[in-house]
Amino acid sequence: MALAAHAPPLVFAPPRERGGVTETKASGGRSAQLARTGLRHGWTTGACATAATTAAYTALLTGEFPDPVTITLPKGQTPAFALAAEELADGHAMAGIVKDAGDDPDVTHGALIRSTVRLLPPGAGVVFRAGPGVGTVTRPGLPLPVGEPAINPVPRRMMTDHIAETAARHGGTGDVEVTVSVDHGEEIARSTWNGRLGILGGISILGTTGIVVPYSCSAWIDSIRRGVDVARAAGRTHVAGCTGSTSEKVAVAVHGLPEDALLDMGDFAGAVLKYIRRHPVDRLTVAGGFAKLSKLAAGHLDLHSSRSQVDKGFLAELARRGGADEGLAAEVAAANTGLDALQRCAARGVPLGDLVAATARDEALAVLRGAPVAVDVICIDRAGNIVGRAEPRGPSWKG
Numbered sequence: 001m002a003l004a005a006h007a008p009p010l011v012f013a014p015p016r017e018r019g020g021v022t023e024t025k026a027s028g029g030r031s032a033q034l035a036r037t038g039l040r041h042g043w044t045t046g047a048c049a050t051a052a053t054t055a056a057y058t059a060l061l062t063g064e065f066p067d068p069v070t071i072t073l074p075k076g077q078t079p080a081f082a083l084a085a086e087e088l089a090d091g092h093a094m095a096g097i098v099k100d101a102g103d104d105p106d107v108t109h110g111a112l113i114r115s116t117v118r119l120l121p122p123g124a125g126v127v128f129r130a131g132p133g134v135g136t137v138t139r140p141g142l143p144l145p146v147g148e149p150a151i152n153p154v155p156r157r158m159m160t161d162h163i164a165e166t167a168a169r170h171g172g173t174g175d176v177e178v179t180v181s182v183d184h185g186e187e188i189a190r191s192t193w194n195g196r197l198g199i200l201g202g203i204s205i206l207g208t209t210g211i212v213v214p215y216s217c218s219a220w221i222d223s224i225r226r227g228v229d230v231a232r233a234a235g236r237t238h239v240a241g242c243t244g245s246t247s248e249k250v251a252v253a254v255h256g257l258p259e260d261a262l263l264d265m266g267d268f269a270g271a272v273l274k275y276i277r278r279h280p281v282d283r284l285t286v287a288g289g290f291a292k293l294s295k296l297a298a299g300h301l302d303l304h305s306s307r308s309q310v311d312k313g314f315l316a317e318l319a320r321r322g323g324a325d326e327g328l329a330a331e332v333a334a335a336n337t338g339l340d341a342l343q344r345c346a347a348r349g350v351p352l353g354d355l356v357a358a359t360a361r362d363e364a365l366a367v368l369r370g371a372p373v374a375v376d377v378i379c380i381d382r383a384g385n386i387v388g389r390a391e392p393r394g395p396s397w398k399g
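Right under this line is the structure:
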């Protein structure tokens, strides 16, 4: 899954190519799918690239494209994919699959994933290339070396295995060049974290199981982890986990952090803290909206509105600690929103924002379990104004 970075999904219909040896067919997505659990599953870019590669190499060896083309995923599922594009010419074959992300909010849903396969001399092995719309790695800290096409290890293994199986079935050597491309991929990549991670020129070909689980957290959390890896590889000792673009701008303004030190935390505070616990940096700034960080202060590690709510009773207790009388505490407990509670306290001189920030910092330190990381917190309102701060604390802090 490739989640948008604060942008709506971009959906591209498959092109209709005719002429020469290219014929684009109506794409019905997959012809086999998993049992439904309320929301429809989809397929990763890695699964689509594997299906396209298998179809193209089969056509190169036999003269015919399998349509639909069936592949085997890492956990044994065998989905079939209808071809959306095909081309067979002297020395190469191309097949295209339209990605169906199911009911997942995925910016690559509807993208046409193409694989062009060319024969190489015996002994050359499988060589991967980035075609138009597929990014290239330009920074260390990712699972691939700098200069490599952004085709992740599991999709590479899936394609390599299917090439070997196809070669064994149809008398090939398995020595091929595979160029994966994505129509509009560079445009799609602007709505992902690739640029920040140093993946330039297009999207990544991703997936560990081949299956996109609707509204799964896994892709976002994986991007957070890669962001920490990239920051550490770049020698950054101070990173910021931010709930959104506004809090990110504030963190940059306050601390002057470079782009590769910014983690798009979103609602996944726990993912940031647990990964940094295992892969420490000297300092972590947590920045976000007051309401979301009040959830962290209350002990929630998933800040999404469907999985945690602002606890006005908890805010009322914090207000009491800050000097609120029982009348104000009752108003806070009955407030319409977290922002309403904040404004009521601010009008009476009770620093609820600072109290939330300090409590959120202490909760973060508890999750870090003594890891050598100092934590500070910045709370903002919807306009980006700082409404609460907590100074750094933690084992590594010497300030």
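Terminal number for the sequence shown in the UniProt record's numbering: 399, no gaps in between.
Using N, Cα and C, we set each Cβ at its ideal position, and we do this for glycine too.
Which one of the options has the shortest CA to CA distance from residue i?
| i | options | result |
| --- | --- | --- |
| E248 | R196, D222, A233, S294 | R196 |
| A82 | P66, M94, D264 | P66 |
| A56 | A80, T108, I163 | I163 |
| N385 | G353, K398, A374, T359 | G353 |
| C48 | T62, H109, K75 | H109 |
| R232 | G207, S218, A95, E259 | E259 |
| P74 | R114, D100, T160, R139 | T160 |
| T70 | E87, L206, G210 | G210 |
| E317 | A341, I380, S204 | A341 |
Who are residue i's beta bridge partners in DSSP?
| i | result |
| --- | --- |
| W43 | I211 |
| M94 | E87, T116 |
| P149 | T136 |
| A360 | Note: A360 sits in no beta bridge, so no partner. |
| F290 | Paired residue(s): none; F290 is not in a bridge. |
| I205 | I151 |
Helix, strand or coil: which one does DSSP assign to residue i?
| i | result |
| --- | --- |
| P392 | strand |
| G256 | coil |
| L61 | helix |
| R382 | coil |
| W397 | coil |
| V387 | strand |
| H238 | strand |
| V107 | coil |
| T70 | strand |
| L200 | strand |
| V250 | helix |
| L273 | helix |
| R129 | strand |
| R369 | coil |
For residue i, count the other beta carbons within 10 Å of its own beta carbon; 16 or more makes it buried, fewer makes it exposed. Which is it?
| i | result |
| --- | --- |
| A5 | Since pLDDT at A5 reaches only 39, below the 50 mark, its modelled position is unreliable, and no value is offered. |
| E363 | buried |
| T166 | buried |
| A390 | buried |
| T337 | exposed |
| E64 | exposed |
| D183 | buried |
| K295 | buried |
| R369 | exposed |
| T78 | exposed |
| S245 | exposed |
| V127 | exposed |
| R307 | exposed |
| D267 | buried |
| A347 | exposed |
| K99 | buried |
Secondary structure, alpha helix (DSSP H): runs of 4+ residues fully inside the stretch 292-366: 312-321, 326-333, 338-347
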